[in-house]
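Undergrad: Sharing a structure with you now.
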Amino acid sequence: MKKYAVIGNPISQSLSPFIHQQFAKQTGIELSYEALNRDCATQIHLIQTLTQLFNEDYSGLNITLPYKVWAFNIIQEKNGLSTRAAQSGAINTLTFINQETWLGDNTDGVGLVRDLTNNLAWPIKDINILVLGAGGAARGAIFALAQEKPSCIHILNRDSLKAETLAKIFAEESCEIKSITPPFTLNYQLIINATSGSLWQQLPTTIQYVDAKNAYCYDMVYKASPTVFSAWATEKQAKSTSDGFGMLVEQAAESFLKWHQVMPNTHPIIHQLRCNL
Ligand code: NDP
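Residues 1 to 277, numbered by the working numbering, are exactly what the sequence shown covers, in order.
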């Protein structure tokens, strides 16, 4: 039986073991999938941890906070990055082929796009998109969103320098991707909250400049009750709101596809998770 795990710190809250085990049951694939808490103080310590897990016969790992960028650096040195991982600057899926070959991928962006298009049936093509936040999740999202040919993607971050740096990375993309600072006048049809604010019940500090009326509003954070951002958007008469639950399950499905060459049906798992909450 092949062995998989998610590593991070903290990890007890992770839903990945449940999701992957449900996918395995659905597709009839035998596997084990655990959540491993690993406390790595440095990138070197993370390399040692990954090597140990490879030696313990793990076939693949999901990498979560706070190790996504260190894992990216490690796999970059091994020349094992997928295009979307290279563009995202972070890794959430690692596949061990052999001692020399470790492949790194980032499935967060495609997970977001699948949730928006397949599950929510929201538009992306030819619309104006505003991304709040400029961290790792925003970076993965922007690359994946740009492939769907929106009119523009504008980035608004508390630290505007970070947003500018991020926009420069995507200067070659076909749609306009730029960092913005208030005041701005363009209307956005899709607003994505890629900040971590909702984890702590905080609206992005830039929210006062954002007009959610008639916009689709997506929060990457997920909670049992509407996030503070979703509640704000509803109050501001957004067209529709969603949290990041679907993204979580869709990014896991893409990792599963990568490892097992089978795409699971995500709808029953999303439904089951929401009911369990
Ligand atoms: P990072 O720590 O890399 O970035 C956090 C971002 O949030 C930064 O841009 C930071 O701004 C901004 N921020 C935090 N608090 C506030 C605030 N109160 N007001 C304004 N901006 C704020 O995190 P990630 O990018 O990796 O993750 C972001 C969120 O996305 C997390 O909550 C994570 O849980 C979620 N996520 C969800 C996924 C899913 O599957 N649903 C997948 C991946 C991530 P500044 O730069 O100014 O500090």
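Even glycine gets a Cβ: it sits at the ideal position worked out from N, Cα and C.
Between the C-alpha atoms of ARG51 and LYS68, what's the straight-line distance to the nearest angstrom?
TA: Sequence inspection shows Thr at residue 51; the Arg mentioned does not correspond to that position. Roughly 16 angstroms between the two C-alpha positions.
Undergrad: Identify the residues that DSSP records as bridge partners of SER32: which are they?
TA: According to DSSP, SER32 bridges with LYS3.
Undergrad: Could you check whether the Cβ of LYS223 sits closer than 7 angstroms to any heavy atom belonging to the ligand NDP?
TA: No - the ligand NDP has no heavy atom lying nearer than 7 angstroms to the Cβ of LYS223.
Undergrad: Can you tell me whether LEU61 sits near the ligand NDP, meaning its C-beta is under 7 angstroms from at least one heavy atom of the ligand?
TA: Checking the Cβ of LEU61 against the ligand NDP gives no.
Undergrad: Are GLY104 and PHE72 close, meaning C-beta to C-beta below 8 angstroms?
TA: Yes, these two residues count as a Cβ contact at 8 angstroms.
Undergrad: Please state the DSSP three-state secondary structure of GLY246.
TA: Three-state result, GLY246: helix.
Undergrad: Taking the straight line between their C-alpha atoms, what separation do you get for SER16 and ALA35?
TA: Those two C-alpha atoms are separated by around 8 angstroms.
Undergrad: Label ARG274 either buried or exposed according to how many other C-beta atoms from any shown protein chain fall within 10 Å of its C-beta, with 16 as the threshold for buried.
TA: With fewer than 16 other Cβ atoms within 10 Å, it is exposed.
Undergrad: Going by the DSSP bridge assignment, what does GLU176 pair with across the sheet?
TA: Paired residues: CYS152.
Undergrad: Threshold first: 4 residues or longer. Then list the alpha helix (DSSP H) segments lying entirely within the segment 80-131, N to C.
TA: DSSP runs (the alpha helix (DSSP H)) wholly in the segment 80-131: 83-88, 108-114.
Undergrad: Following the continuous alpha helix (DSSP H) through SER160, name the residue where it begins and the one where it ends.
TA: Unbroken alpha helix (DSSP H) run through SER160: 160-169.
Undergrad: So, for LEU65: in the same chain, excluding its five sequence neighbours on each side, which residues have a beta-carbon less than 7 angstroms away from its beta-carbon?
TA: The answer, listed in chain order, is GLY8.
Undergrad: Can we say the segment 210-220 touches the segment 255-268, given the rule of at least three CB pairs closer than 8 angstroms?
TA: No: the two stretches stay apart, fewer than three of their Cβ pairs being nearer than 8 angstroms.
Undergrad: Is ASN218 helix, strand or coil when you go by DSSP?
TA: According to the sequence shown, residue 218 is Tyr rather than Asn. In the structure shown, TYR218 sits in a strand (DSSP, three-state: E or B).
Undergrad: Counting only the same chain and skipping the five closest in sequence on each side, list residues whose C-beta sits under 8 angstroms from that of THR117.
TA: So the qualifying residues of the chain are ILE124, GLU148.
Undergrad: Among the residues of its own chain, which have a CB less than 6 angstroms from the CB of GLN22, if the five just before and after it don't count?
TA: These residues qualify, in order along the chain: ILE269.
Undergrad: Based on Cα-Cα distance, which residue from GLN272, GLN251, SER230 lies nearest to ILE91?
TA: Cα-wise, what sits closest to ILE91 is GLN251.
Undergrad: Find the nearest neighbour of ASN62 within the set THR42, HIS45, ILE44, ARG38, judged by alpha-carbon distance.
TA: Per the Cα distances, ARG38.
Undergrad: Out of curiosity, what's the CA-to-CA distance linking ALA137 and ALA238?
TA: Using only the alpha carbons, I get a separation of about 23 angstroms.
Undergrad: Assuming contact is defined by CB atoms lying nearer than 8 angstroms, are PHE143 and SER88 in contact in what I supplied?
TA: Yes; because the gap between Cβ atoms is below 8 angstroms, this pair is in contact.
Undergrad: Give me the Cβ distance between ASP108 and ALA141, rounded to the nearest whole Å; I'm assuming they're in contact under 8 angstroms.
TA: Sure, about 7 angstroms apart at Cβ, within 8 angstroms.
Undergrad: Nearest to LEU199 by CA position, among ILE177, THR27, SER230, is which residue?
TA: Of the candidates ILE177, THR27, SER230, the one whose C-alpha sits nearest the C-alpha of LEU199 is SER230.
Undergrad: Confirm the yes/no value for this check: CB of LYS162, any heavy atom of the ligand NDP, distance under 7 angstroms.
TA: Result yes, Cβ under 7 angstroms from the ligand NDP.
Undergrad: Under a three-way DSSP split, which group does SER12 fall into?
TA: Looking at SER12 - three-state DSSP - the assignment turns out to be coil, as it is neither helix nor strand.
Undergrad: Do the CB positions of SER82 and LYS2 come within less than 8 angstroms of each other?
TA: It is not a contact, given that the beta carbons lie outside the stated cut-off.
Undergrad: Tell whether a beta-carbon distance below 8 angstroms holds between ILE74 and GLN43.
TA: Going by C-beta atoms, ILE74 is nearer than 8 angstroms to GLN43.
Undergrad: Quick one: Cα of THR205 to Cα of LEU161, how far?
TA: Distance between the alpha carbons of THR205 and LEU161: 15 angstroms.
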